[in-house]
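Okay, so here's the structure we're looking at.
Number of protein chains: 6
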Amino acid sequence: MILPIVFIFSLLSFSHALVQDFCVADYKGPVGPAGYSCKKPAKVTADDFAFSGLGIAGNTSNIIKAAVTPAFDAQFPGLNGLGLSAARLDLAAGGVIPLHTHPAASELLVVGLGTILAGFISSDNTVYLKTLKTGDIMVFPQGLLHFQLNKGGSPALGYVTFSSPNPGLQILDFALFKSSFPSKLIEETTFLDEAQVKKLKAVLGGSG
Amino acid sequence: MILPIVFIFSLLSFSHALVQDFCVADYKGPVGPAGYSCKKPAKVTADDFAFSGLGIAGNTSNIIKAAVTPAFDAQFPGLNGLGLSAARLDLAAGGVIPLHTHPAASELLVVGLGTILAGFISSDNTVYLKTLKTGDIMVFPQGLLHFQLNKGGSPALGYVTFSSPNPGLQILDFALFKSSFPSKLIEETTFLDEAQVKKLKAVLGGSG
Amino acid sequence: MILPIVFIFSLLSFSHALVQDFCVADYKGPVGPAGYSCKKPAKVTADDFAFSGLGIAGNTSNIIKAAVTPAFDAQFPGLNGLGLSAARLDLAAGGVIPLHTHPAASELLVVGLGTILAGFISSDNTVYLKTLKTGDIMVFPQGLLHFQLNKGGSPALGYVTFSSPNPGLQILDFALFKSSFPSKLIEETTFLDEAQVKKLKAVLGGSG
Amino acid sequence: MILPIVFIFSLLSFSHALVQDFCVADYKGPVGPAGYSCKKPAKVTADDFAFSGLGIAGNTSNIIKAAVTPAFDAQFPGLNGLGLSAARLDLAAGGVIPLHTHPAASELLVVGLGTILAGFISSDNTVYLKTLKTGDIMVFPQGLLHFQLNKGGSPALGYVTFSSPNPGLQILDFALFKSSFPSKLIEETTFLDEAQVKKLKAVLGGSG
Amino acid sequence: MILPIVFIFSLLSFSHALVQDFCVADYKGPVGPAGYSCKKPAKVTADDFAFSGLGIAGNTSNIIKAAVTPAFDAQFPGLNGLGLSAARLDLAAGGVIPLHTHPAASELLVVGLGTILAGFISSDNTVYLKTLKTGDIMVFPQGLLHFQLNKGGSPALGYVTFSSPNPGLQILDFALFKSSFPSKLIEETTFLDEAQVKKLKAVLGGSG
Amino acid sequence: MILPIVFIFSLLSFSHALVQDFCVADYKGPVGPAGYSCKKPAKVTADDFAFSGLGIAGNTSNIIKAAVTPAFDAQFPGLNGLGLSAARLDLAAGGVIPLHTHPAASELLVVGLGTILAGFISSDNTVYLKTLKTGDIMVFPQGLLHFQLNKGGSPALGYVTFSSPNPGLQILDFALFKSSFPSKLIEETTFLDEAQVKKLKAVLGGSG
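Structure, rendered in structure tokens:
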């Protein structure tokens with residue numbers, strides 16, 4: 008079949024007016040409930056869809072012996088509006104990602120290296136625990152308290168992805184003890200002892 | 008304008024094949040990610056869309072001096088698939104709904120009676136606190152830790168509604184201390200002291 | 008377990024870049040299909056999440072002996088993007104919220120005081136009627152014609168919530184008789200008599 | 008490039024376990040909030056995705072001189088779960104699709120033949136009217152009252168599509184006057200005169 | 008029942024603050040993941056909801072003997088945010104809409120005139136083919152490869168609607184041979200022969 | 008604060024009636040548009056939320072020198088209804104995942120090992136290409152043609168996640184040449200030469 012040159016032009020006007028298949032974040036524009044404004048398509052490049060920040064190990068020389076490196080829509084513009092995001096977990100031996108939730112997303116963990124003990128707790132107070140090896144995956148349903156812990160003797164690496172470009176992250180200890188949540192209110196709403204609250208606030212720098 | 012009898016029949020066949028505008032829960036059928044199976048429309052009555060359980064005060068003769076009475080899709084079949092649900096909060100003087108999250112919904116509180124101190128904590132550890140009077144409302148964004156506390160000298164009543172027929176409810180203390188979450192793991196993932204964990208487990212009946 | 012000061016800093020950079028868990032309406036920014044633009048997190052306060060307008064009884068000294076006070080996202084900025092909204096209904100004895108629909112949301116009514124006769128009509132022309140007492144709740148599936156009527160001898164109070172921050176409200180009589188809908192077209196599309204149309208237009212101030 | 012036979016087998020196991028890209032309605036299975044159960048893929052044929060019912064003109068020998076032929080998920084199994092549906096409108100000269108709403112969908116009308124006067128009313132009681140010719144299209148936002156009227160001297164044909172496989176259809180006159188909605192309640196909630204209500208109930212066969 | 012003038016004013020303040028039921032595209036404002044910014048309601052007219060571009064036959068004097076005229080949200084502002092869009096297909100005798108996908112929507116085809124052979128292929132490589140006559144409809148599930156072909160001896164006309172205001176359109180031949188996709192990469196990722204790739208690139212104007 | 012035993016019982020009835028936070032697939036129940044039926048909560052275990060299949064390298068001894076191992080909801084029951092899924096990509100030196108689409112999801116690739124050249128094509132025929140190293144990530148917007156190619160001299164490993172538990176997978180070559188798509192129709196809808204079509208059909212085992 009011979010296709011003459013005329014075909015080239017025939018649908019040009021058609022394609023021309025189409026809007027984009029994606030919405031790369033323009034961090035200077037307004038933000039709405041569905042995410043960031045879209046960069047103009049003509050300014051979008053392949054670099055907007057790739058992110059190299061997860062290739063660098065996080066610094067685990069800290070008390071939790073762990074680091075979390077996010078690639079949410081705030082860091083990775085190509086994710087905006089696409090329904091997923093990612094983060095890298097580095098866990099030195101004995102390292103832990105403390106109990107936390109993602110208010111707006113389910114999470115899927117892929118163990119890239121090492122052995123990770125992970126778990127979550129459901130609304131009916133059932134605890135689901137699994138020891139995961141390299142290549143294993145685990146899913147944490149949206150909004151539930153969960154953690155990851157390196158029980159092995161060597162570093163562990165995890166990649167987590169989320170069902171939202173902006174999953175949020177609420178670390179329990181930070182919410183309670185690194186915030187301005189008044190100690191009296193913490194005690195009244197958690198039944199923790201005053202001494203316990205004050206001790207952790209001192210460590211984490213909370214006020215109130 | 009005179010409308011003859013023939014009009015009565017003209018669109019009958021049209022309406023006849025339509026499926027329903029709602030999906031009242033059939034608790035005997037299978038459940039899916041979007042909710043319960045639908046009751047056959049012919050069996051649905053007005054009673055399926057009303058619920059009288061929130062008209063009865065919950066029993067606050069307990070340690071938290073509070074009670075929560077849910078009207079989620081598991082209790083109120085008419086809500087199934089409709090995107091909202093409700094609960095009644097009864098708070099005696101000094102009563103508290105302890106720190107908790109709803110993994111799958113935002114919450115809107117209407118204070119029906121009394122004075123309620125309510126608050127939530129966001130992902131960046133900011134604490135938002137408000138003292139609410141009768142008729143005031145407050146919204147708690149999805150998945151974030153929040154609480155309600157009756158600081159007044161008389162009983163308070165609240166009606167809460169949720170942006171999902173099945174919002175879930177994770178009470179922090181119950182997840183930690185009323186579950187089988189191993190004490191050692193709690194300590195490692197929350198930095199709480201062993202004594203604190205054991206004390207609250209003893210009270211709440213947790214194991215592990 | 009002793010947590011040294013270093014822990015304070017270890018995850019600071021992590022939390023820092025996170026975007027917000029909510030999108031408080033910035034009424035000066037552009038509006039999109041998903042709602043208002045988000046206020047910058049640094050400018051958000053607890054007041055954005057609370058609304059006291061529903062604590063004040065609406066004025067029922069009118070012909071319908073009723074008043075509706077909305078707390079939609081246009082009035083209550085904290086609701087923006089969160090999937091729910093509210094309104095207060097005041098019904099004097101004999102008061103009525105006339106037949107209406109919410110084009111974009113299901114509704115849940117909590118009777119705060121008094122006795123309310125409520126009902127809705129489905130696509131197959133079935134009428135669902137219930138007499139509700141204080142504390143009773145009823146759900147009205149999205150987009151269907153419904154009403155609330157105070158059949159009791161004393162005032163009634165209702166709180167309604169919606170499965171959208173912007174549910175819309177189309178009052179049948181207003182759409183027909185308080186608009187510029189040409190009388191001839193009303194008659195042709197509703198089969199109402201000319202006299203009836205003109206009478207109600209005169210009362211409600213419709214034109215056309 | 009030469010591709011040996013081995014390639015044929017290499018990904019067979021991969022494709023094999025995939026579930027379907029669609030969910031053709033199995034009318035015998037349970038229904039849920041998201042639609043009908045899915046037919047097993049092996050039983051699905053091309054016929055499930057096509058529907059010839061809209062090729063036949065509806066009978067307009069009735070008082071509205073019009074007919075509506077639906078292709079919703081209840082009639083057209085391939086639409087189930089796919090987010091759209093259709094209907095055919097036949098309007099003889101002077102025919103009308105009376106004022107109605109679709110509780111769960113926006114509508115897009117394509118005029119296939121003739122001239123149609125169409126309109127809708129918004130929540131703020133603004134009336135949007137357009138006279139449409141063959142090939143013109145018009146969109147009716149979700150849940151709002153609208154109508155179509157053939158003002159021309161010859162038959163008109165319209166194809167309407169909806170943003171849901173199950174848009175619902177509430178015809179105002181049928182909801183009021185062809186149902187069991189008690190006349191007294193109609194009068195109280197619409198301010199229509201008793202005589203008007205009784206007259207239309209007599210014609211349309213309503214009770215109550 | 009007599010409705011005094013006071014009724015006119017009683018709910019005015021109520022309606023006044025309501026936001027709109029729709030979001031007509033303001034092409035000058037920012038775009039977000041959910042679509043264009045909304046035009047201010049006061050500037051919206053009935054013309055925003057109607058579009059006459061589909062009333063004009065596309066030019067089929069080209070190699071595919073076919074034309075596609077889109078009415079997506081980029082062309083038809085009233086569609087913005089409403090969940091559907093449309094296009095007109097003109098197919099001269101022997102004309103074809105080449106194999107293509109809509110990345111973000113399912114499609115429903117109504118044959119307005121003539122006979123169209125249409126088909127799609129599913130993830131398990133099953134081919135679903137149907138010959139459609141005037142008035143027949145067919146649905147193409149989201150994202151799957153499909154085509155339309157006029158096998159009849161006279162022109163055919165189709166109206167297609169989509170389950171998104173911005174469905175996207177990826178024509179296979181254009182993606183491969185009218186783009187800058189390097190020929191070597193095309194061969195490596197499609198197993199097409201070099202000669203085939205170069206021949207079609209020459210015709211369609213691809214580079215790389 | 009002393010919490011007496013009575014607290015243990017006080018909210019038991021409350022938690023008891025709650026439905027689950029997740030919907031683990033029950034492969035024996037009916038499937039609906041939103042996914043599989045839910046397993047009864049009492050039968051759910053931690054194993055349902057973990058999957059070890061991605062820990063095993065796929066067999067790349069085939070013509071594409073690559074293997075894809077899916078963990079979609081059909082393989083991994085815990086994902087059902089949670090909005091994401093995963094797969095493992097193994098690419099020997101020179102291996103390729105041929106041009107394909109996921110009709111129902113965006114994709115996020117994490118390079119676990121090696122160097123991968125990846126790319127996608129948008130609706131306006133722009134090609135976005137990136138060479139990714141270990142730890143780099145790239146996002147492929149929903150429904151667009153894309154590929155992954157190991158240009159390095161050693162094996163590469165990738166983990167991909169999707170914004171749906173059932174993303175679908177349409178491999179271009181399989182859709183065209185491993186199906187029953189009639190050769191004549193392929194030629195007419197893709198403009199490929201007959202010889203090319205027949206050659207690839209012979210290799211891939213297509214019919215028609």
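Read top to bottom, the protein sequences are chains Y, F, G, E, P and W.
First residue of the first sequence? That's 8 in our numbering, and the numbers climb one at a time after it.
First residue of the second sequence? That's 8 in our numbering, and the numbers climb one at a time after it.
First residue of the third sequence? That's 8 in our numbering, and the numbers climb one at a time after it.
First residue of the fourth sequence? That's 8 in our numbering, and the numbers climb one at a time after it.
First residue of the fifth sequence? That's 8 in our numbering, and the numbers climb one at a time after it.
First residue of the sixth sequence? That's 8 in our numbering, and the numbers climb one at a time after it.
C-beta: ideal position from N, C-alpha, C; glycine also.
Owing to the predicted nature of the structure, the values given are computational and were not obtained by experimental measurement.
Judged by DSSP in its simplified three-state form, K205(G) adopts helix.
For D180(P), the enclosing alpha helix (DSSP H) has its first and last residue at 179-184. V31(G) carries a coil assignment under DSSP once its states are collapsed to helix, strand and coil. Using a CB distance cut-off of 8 Å, V210(W) does not count as an interface residue toward chain Y. Annotation for K137(P): the continuous beta strand (DSSP E) segment containing it runs 134-139. Contact note: A41(F) reaches chain E through G39, P40, A41, using a C-beta cutoff of 7 Å and chain order. For the pair Y43(F) and G36(F), the Cα-to-Cα distance works out to about 7 Å.
Looking at the backbone, the Cα of G65(W) and that of A74(W) are separated by about 5 Å. Here C30(F) is not near P162(E), since their CB atoms are 8 Å or more apart.
The DSSP assignment places complete beta strand (DSSP E) segments of no fewer than 3 residues inside the region 60-146 of chain E at 73-78, 92-98, 103-108, 114-120, 123-128, 134-139, in order along the chain. Under the DSSP assignment, S190(W) falls in the alpha helix (DSSP H) whose first and last residues are 190-197.
Note that the C-beta distance between V117(W) and L156(W) is not below 8 Å. Judged by pairs of C-beta atoms under 8 Å, the region 164-172 of chain F does not touch the region 87-106 of chain Y, as fewer than three such pairs exist. In this structure, the beta-carbon distance from L89(P) to P110(E) does not fall below 8 Å.
Secondary structure of V210(W) (DSSP, three-state): helix. For P37(Y), the three-state secondary structure derived from DSSP is strand.
For the region 84-118 of chain G, the set of residues with a beta-carbon nearer than 7 Å to any beta-carbon of chain E comprises V103, P105, L106, T108, P110, A111, in chain order. In this structure the region 76-88 of chain P lies against the region 173-180 of chain P, because at least three pairs of beta carbons, one per stretch, are closer than 8 Å. Identification of residues in the region 158-175 of chain E having a C-beta nearer than 9 Å to some C-beta of chain F yields N173, G175, given in sequence order. Take S92(W), set aside five residues on each side of it, and the residues of its chain with a beta-carbon closer than 8 Å to its own are P77, A78, F79, D80, F83, L86, A112, T168, F169, S171, P172, N173, P174, in chain order. When rounded, the separation of the alpha-carbon atoms in D54(E) and L164(E) is 25 Å. Using beta-carbon distances, V134(E) counts as an interface residue toward chain G, with a partner under 8 Å.
Rounded to whole angstroms, the separation of the alpha carbons of L179(G) and G213(G) is 13 Å.
Cβ-Cβ distances below 6 Å link L183(E) to I193 in the same chain, with the five nearest sequence neighbours on each side left out; the list follows chain order. When rounded, the separation of the alpha-carbon atoms in A94(P) and T197(G) is 32 Å. Looking at the DSSP output, T168(W) bridges to A93(W), L115(W). The shortest CA-to-CA distance from S68(F) to any of A202(F), Q27(F), D97(F), G126(F) is the one to D97(F).
In the DSSP annotation of this structure, the continuous segment of the beta strand (DSSP E) that includes L156(Y) starts and ends at 153-156.
Its chain contains Y135, P148, L151 as the residues whose beta carbon lies nearer than 8 Å to that of S129(F), once the 5 sequence neighbours on both sides are disregarded; these appear in chain order. By the CB criterion at 8 Å, L124(F) and I144(F) fall outside the cutoff. Of all residues in the region 49-70 of chain F, those with a C-beta nearer than 9 Å to a C-beta of chain G are V51, T52, A53, D54, D55, F56, A57, F58, S59, G60, L61, G62, I63, A64, reading in chain order. Of the candidates N132(E), Q177(E), G126(E), G126(E) places its Cα closest to the Cα of V146(E).
Using a CB distance cut-off of 8 Å, G36(G) does not count as an interface residue toward chain F. When DSSP reads this structure, G42(P) sits in a beta bridge with G39(P). When the beta-carbon positions are compared, L139(W) and A209(Y) stay at least 8 Å from each other. Within the DSSP secondary-structure output, F58(P) pairs in a beta bridge with I144(E).
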